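Colleague:
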Amino acid sequence: MSRMTDQTSNITPRTTPRILSIAGTDPTGGAGIHADLKSIAANGGYGMAVVTALVAQNTRGVRSVHTPPVAFLRQQLNAVSDDVTIDAVKIGMLAEIDVIHEVRSWLNAHRPPLVVLDPVMVATSGHRLLEPQAEQALRDLIPLADLVTPNVPELAVLLAEPTAANWAAAIEQGKRLSARTGVTVLVKGGHFDETICPDALVNTHGLLAQSVVEFASPRIATKNTHGTGCSLSSAMATVQARTGDWAASLAEVKDWLQDALTHADDLEVGQGHGPIHHFHRLFAGASAESATPADSVKFSATLWRDVEQIRTQIFDLPFIRDLGTGVLAERDFAYYLAQDALYLATYSRVLARVSEIAPSMHAQRFLADSARRCRDVELELHRNWLGQRDVSSEAGPVTAGYLDHLLGLAEGGNYAVLLAALLPCFWLYADVGERLHTDFLARTETAVHPYAAWLQTYADEEFAAATREVIALTDAAAATASAAQRSAMRQAFATSSRFELDFFDAPRHSVLA
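Residue 258 in our numbering sits at position 275 of the sequence shown, with consecutive numbering throughout.
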């Protein structure tokens, strides 16, 4: 079974994906299937586990490993797959060559839609965890996966090369592994002694928007990192089963993992290298005044419900209906686009402002890139269309009010609240673009649709991926915000959404149209 040509096309995103972990145990709960099940639950999945090895270990190290008979492993795998639909599989410690062969046989027989392989081969101490024959069998297993997540020493072992001395060398090794196997490689930079912890998705076969998609976050000063690799790989399997977008998944997982590492010391588990705090966001949300776990983990769902009536009203507007069918009067579209050009010029500056105060390098980079795209791509589209038309450049009352709202929040300097205020311009536009493209443009010849370029701009996957990223950043900000801040975020989001509704309706009421 080769997954190189089409890694994710058979994935149907689910709100609560069913994730199977195939891995070893950790009686102290920090690694292996114990960490996997916590990671899966913390990231919105339903976790299941098949045990490959029983490991006597604690936060100080491994004492003994017992591998159950392979026949019993087969019985476990079949018991799950005979009864439950599996949306994704995470594979961890496989211990012995016979175990690897049995898992390979099961994968070939059942072909799960998504497979993430964490090649447990080299301990943090540098000790080899597999004999050479088993190492080759594990290399041969990689083409059956969609994503492989080696640490830096494991990446070197998989390639039979020396361990990378720096991040650039690790990226090059990731490219070579992807080229040989056809699989997307998650290169992890946590082993390097730097103040920044980089991670990168690498695929040399055109299965990502770019061959290398890099993320970075500040290093957390903690010794409690036990199980980080297990937790990262199982979280990636879970979030990818929800999103279907590797870059968006890694962005979401890194924000969650950053939070879990930041609060790892709160657990006080063991005397060695303790576990990360998988459920910090859940506990923080439950303990905050007027908060529930859903408020912190899925805050964006609350925002979306808050504006359900506004969303319905948007699609009832004559402007939106006529825009979708292509019968919208040109003067109305010209007025809207002229106002939107004025709005985007300021909106891009506010995006740049929120990027400056974002708490992580990843958020800073993404928001700054979004500001540039807003300025260089979307705004240019408006200017090109308006270039030969005589349209007023004066801001209407709705435009002026919307910009005053955003600029006022920008002056306040609260990252979470400002991000929530900016989110509707992504989310509502993505919703409108997708629905118009599906419901209306699909019934119209694109070549003769006068506003096809506008519809395609906001219906394409790049804009949808950017929207998912801003939603994830908003959820991350809400998870650590106070009850008062979350209330302010809801108000900011609702106010911006109301302005979006009025903005779409403004051409109908303007004497300038």
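All C-beta atoms, glycine included, are put in the ideal place defined by N, C-alpha and C.
Since the model is a prediction, treat every value here as computed from it, not as a measurement.
Can the beta-carbon of Leu389 be found less than 8 Å from the beta-carbon of Val333?
Modeller: yes
Colleague: If we require 4 or more residues per run, which alpha helix (DSSP H) segments fall completely within the region 224 to 262?
Modeller: List check, alpha helix (DSSP H) in window: 229 to 245.
Colleague: Could you pull the start and end residues of the alpha helix (DSSP H) that Ile16 belongs to?
Modeller: 15 to 25
Colleague: Return helix, strand or coil for Met104, following the three-state DSSP convention.
Modeller: DSSP places Met104 in coil when its eight states are reduced to three.
Colleague: Select from Ile5, Ala448, Leu138, Leu191 the residue whose C-alpha is nearest the C-alpha of Gln82.
Modeller: In the sequence as presented, Gln is not what sits at residue 82; that position holds Val. Ranking Ile5, Ala448, Leu138, Leu191 by Cα distance to Val82 puts Ile5 first.
Colleague: Could you say which of Ala147, Pro145, Pro96, Val170 lies nearest to Gly157 if we only look at CA atoms?
Modeller: Val170
Colleague: Quick one: is Glu85 buried, meaning 16 or more other Cβ sit within 10 Å of its Cβ, or exposed?
Modeller: buried
Colleague: Give the DSSP-derived three-state secondary structure of Leu191 in the structure shown.
Modeller: Three-state DSSP puts Leu191 in coil, outside helix and strand.
Colleague: Alpha carbon to alpha carbon, how far is Leu484 from Trp229? Give it in angstroms, no decimals.
Modeller: 32 Å
Colleague: With a cut-off of 8 Å on the beta carbons, I'd call Val98 and Ile74 a contact; round off their distance for me.
Modeller: 7 Å
Colleague: Under the criterion of a Cβ to heavy atom distance below 7 Å, does Asp66 qualify as lining the ligand ZN?
Modeller: Ligands in the displayed structure: none, and consequently the ligand ZN is not present.
Colleague: Using 8 Å as the threshold, is the C-beta distance between Ala475 and Ala393 below it?
Modeller: no
Colleague: State yes or no: is the C-beta of Gly409 within less than 8 Å of the C-beta of Ala449?
Modeller: Per the sequence shown, the amino acid found at residue 409 is Phe instead of Gly. Yes, these two residues count as a Cβ contact at 8 Å.
Colleague: Return helix, strand or coil for Gly157, following the three-state DSSP convention.
Modeller: helix
Colleague: Output the distance between the C-alpha atoms of Arg(-3) and Thr50, rounded to the nearest integer angstrom.
Modeller: 34 Å
Colleague: How long is the line joining the alpha carbons of Leu56 and Asn91, rounded to whole angstroms?
Modeller: 16 Å
Colleague: Using beta-carbon positions only, say whether Gln506 and Val38 come within less than 8 Å of one another.
Modeller: Residue 506 cannot be examined here, being either before or after the span of the chain that is shown, -16 to 496.
Colleague: Find the nearest neighbour of Val166 within the set Val195, Pro201, Val135, Asp129, judged by alpha-carbon distance.
Modeller: Distance from the Cα of Val166 is smallest, within the candidate group Val195, Pro201, Val135, Asp129, for Asp129.
Colleague: CB-CB under 6 Å to Asn26, same chain, minus the five flanking residues each way: which ones, in chain order?
Modeller: Ala218, Thr221, Val222
Colleague: For the region 31 to 106, list the alpha helix (DSSP H) runs that are entirely contained and at least 4 residues long, ordered along the chain.
Modeller: 53 to 64, 80 to 93
Colleague: Quick one: give me the first and last residue of the beta strand (DSSP E) that Arg1 is part of.
Modeller: 1 to 7
Colleague: Classify Phe553 as helix, strand or coil using the three-state DSSP reduction.
Modeller: Look at the range of the chain in this structure, -16 to 496, and you will see that residue 553 is not part of it.
Colleague: Would you decide whether Ser465 is buried or exposed? Buried here means 16 or more other CB atoms lie within 10 Å of its CB.
Modeller: exposed
Colleague: Could you check how far apart the C-beta atoms of Ala462 and Arg336 are, in whole angstroms? I think they sit under 8 Å.
Modeller: Not really, about 22 Å apart at Cβ, beyond 8 Å.
Colleague: What are the partner residues of Phe198, as DSSP defines its beta bridges?
Modeller: Asp182
Colleague: In chain order, what residues of the same chain lie with their CB nearer than 7 Å to the CB of Gly497, ignoring the 5 residues before and after it?
Modeller: No statement about residue 497 is possible, as the shown extent of the chain runs from -16 to 496 and does not include it.
Colleague: What span of residues does the beta strand (DSSP E) with Leu167 cover, start to end?
Modeller: In the sequence as presented, Leu is not what sits at residue 167; that position holds Thr. That run of the beta strand (DSSP E) goes 167 to 171.
Colleague: Does Asp65 pass the burial test, meaning 16 or more other C-beta atoms within 10 Å, or should it be called exposed?
Modeller: Burial call: exposed.
Colleague: Name the one or two DSSP bridge partners that Val131 has.
Modeller: Leu100, Val168
Colleague: Please give me, in chain order, every unbroken run of the alpha helix (DSSP H) with length at least 4 that falls completely inside the region 427 to 459.
Modeller: Taking 4 residues as the shortest admissible run, the region 427 to 459 contains the following complete alpha helix (DSSP H) segments, listed from N- to C-terminal end: 435 to 442.
Colleague: DSSP state of Phe476, grouped into three classes?
Modeller: helix
Colleague: Which of the three DSSP states, helix, strand or coil, is assigned to His345?
Modeller: helix
Colleague: When you compare only the Cα positions, how much space is there between Ala351 and Glu118?
Modeller: 42 Å
Colleague: Around the Cβ of Ile179, are there at least 16 other Cβ atoms within 10 angstroms (buried) or fewer (exposed)?
Modeller: exposed
Colleague: Buried or exposed for Ile2, please, with buried defined as at least 16 other CB atoms from any protein chain shown within 10 angstroms of its CB.
Modeller: buried
Colleague: Measure the alpha-carbon distance for Lys21 versus Phe262 and round it to whole angstroms.
Modeller: 8 Å
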